[in-house]
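**Q** Just so we're aligned: 117 in my numbering is position 116 of the sequence shown, and the numbers increase by one with no gaps anywhere.
We treat Cβ as the ideally placed atom computed from N, Cα and C, and that holds for glycine.
Okay, handing you the structure first.
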Amino acid sequence: MLSKQAQKALIRWESHGPRIIKTSFKTKKEGISMNIIQCYAPTNDYNEEAKDQFYNRLQSIIEKCSTKDLIILMGDFNAKVGMDNTGYEDIMGRHRLGGRNENGERFANLCAFNKLVIGGTIFPRERIRKTTWTPPGHTTQNQIDHTCINKSSGGRWRMREPGEELM
2 MLSKQAQKAL IRWESHGPRI IKTSFKTKKE GISMNIIQCY APTNDYNEEA KDQFYNRLQS
62 IIEKCSTKDL IILMGDFNAK VGMDNTGYED IMGRHRLGGR NENGERFANL CAFNKLVIGG
122 TIFPRERIRK TTWTPPGHTT QNQIDHTCIN KSSGGRWRMR EPGEELM
């Protein structure tokens with residue numbers, strides 16, 4: 002269900018199998034679209050072939066988006082990106098939970114390659130606010146759902162440090 006305003010702005014939507022859907026919307030900036038890619042990635046214990054197929058398909062979808070457009074990548078990636086952002090400082094902040102799993106490594110590499118900033122890692126929040134999934138038994142807290150935005154959309158979108166003045 003879309004609001005009337007969103008319906009007017011909708012350019013198209015595309016299903017890319019049971020795990021990925023992409024929608025494109027007009028923005029107020031002439032010639033710039035907003036592409037929202039919603040995903041449900043295979044869990045860490047899926048076979049390598051299924052995970053490779055998912056990430057290859059996702060990469061292909063991202064590559065088809067214009068570099069001037071806004072890309073929002075979001076969903077359940079079953080990816081723990083971990084506390085250490087060494088090598089990923091451009092796309093990942095220091096405010097995350099736990100260690101990195103294999104899916105987290107794949108996801109971080111995809112984001113780095115496409116210059117997608119992982120939003121939930123940028124600002125400090127209470128641990129409970131970082132948690133996106135708690136397994137039955139409540140023994141651990143996980144941050145496996147993520148929202149990302151492209152850093153390289155023609156300089157129109159930019160991260161700001163807390164307290165930095167808006168222009």
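Shortest alpha-carbon distance to T24 belongs to which of H17, N36 and D146?
**A** For the purposes of this step, residue 24 is taken as residue 23 along the sequence shown, with counting starting at 1. T24 has its Cα closest to that of N36, out of H17, N36 and D146.
**Q** If we count Cβ pairs, one from each stretch, closer than 8 Å, do we get three or more for the region 48-55 versus the region 64-76?
**A** no
**Q** Can you look up D53 in the DSSP assignment and give me helix, strand or coil?
**A** Taking the sequence shown and counting its residues from 1, one reaches residue 53 at position 52. In the structure shown, D53 sits in a helix (DSSP, three-state: H, G or I).
**Q** Answer yes or no: do M75 and T148 have a C-beta to C-beta separation smaller than 8 Å?
**A** On the sequence shown, residue 75 is found 74 positions in, with the first residue counted as 1. On the sequence shown, residue 148 is found 147 positions in, with the first residue counted as 1. Yes.
**Q** Helix or strand or just coil, what does DSSP make of I63?
**A** As a first step, residue 63 must be located in the sequence shown, where it is residue number 62. In this structure, I63 counts as helix in the three-state DSSP scheme.
**Q** Cutting at 7 Å between CB atoms, please list the residues of its own chain near H17, excluding the five before and the five after it.
**A** Taking the first residue of the sequence shown as position 1, residue 17 is located at position 16. These residues qualify, in order along the chain: K23, R58 and I62.
**Q** State the beta-bridge partners of N36 as determined by DSSP.
**A** By 1-based counting over the sequence shown, the position of residue 36 is 35. N36 is bridged to S25 and I72.
**Q** On the DSSP bridge assignment, give the partners of R13 in chain order.
**A** Numbered from its first residue, the sequence shown carries residue 13 at position 12. Bridge partners of R13: S25.
**Q** Taking all protein chains shown into account, do 16 or more other C-beta atoms lie within 10 angstroms of the C-beta of A7, making it buried, or fewer, making it exposed?
**A** As a first step, residue 7 is located in the sequence shown; it is residue number 6 there, counting from the start. Burial call: exposed.
**Q** By DSSP, does N104 sit in helix, in strand, or in coil?
**A** Numbered from 1 along the sequence shown, position 103 holds the residue referred to as residue 104. Reduced to three states, the DSSP call for N104 is helix.
**Q** Based on Cα-Cα distance, which residue from N79, Y41, M93 and N45 lies nearest to R20?
**A** For this step, residue 20 is matched to residue 19 along the sequence shown. Among N79, Y41, M93 and N45, the Cα nearest to that of R20 belongs to Y41.
**Q** Tell me where the beta strand (DSSP E) around D46 begins and ends.
**A** The residue you call residue 46 lines up with position 45 of the sequence shown. Taken as a continuous stretch (DSSP letters only), D46 belongs to no beta strand (DSSP E), as it is neither H nor E.
**Q** So, using beta-carbon positions, are N104 and F78 closer together than 8 Å?
**A** Locating residue 104 in the sequence shown gives position 103, counting from the first residue. Locating residue 78 in the sequence shown gives position 77, counting from the first residue. Yes, the Cβ-Cβ distance between N104 and F78 is below 8 Å.
**Q** From I73 to E31, what does the alpha carbon distance come to, in whole angstroms?
**A** If you number the sequence shown from 1, residue 73 lands on position 72. If you number the sequence shown from 1, residue 31 lands on position 30. If you take the alpha carbons of I73 and E31, they lie about 18 Å apart.
**Q** Within its chain, find whatever has a CB closer than 6 Å to the CB of E15; leave out the 5 residues flanking it on each side and keep chain order.
**A** Translated into positions along the sequence shown, residue 15 becomes position 14. Once the five neighbours on either side are set aside, the close Cβ partners of E15 are K23.
**Q** Starting from the C-beta of R107, find all residues in its chain whose C-beta is less than 8 Å away, skip the five residues before and the five after it, and write them out in chain order.
**A** Along the sequence shown, one-based indexing puts residue 107 at 106. Taken in chain order, the residues that qualify are K52, Y56 and A80.
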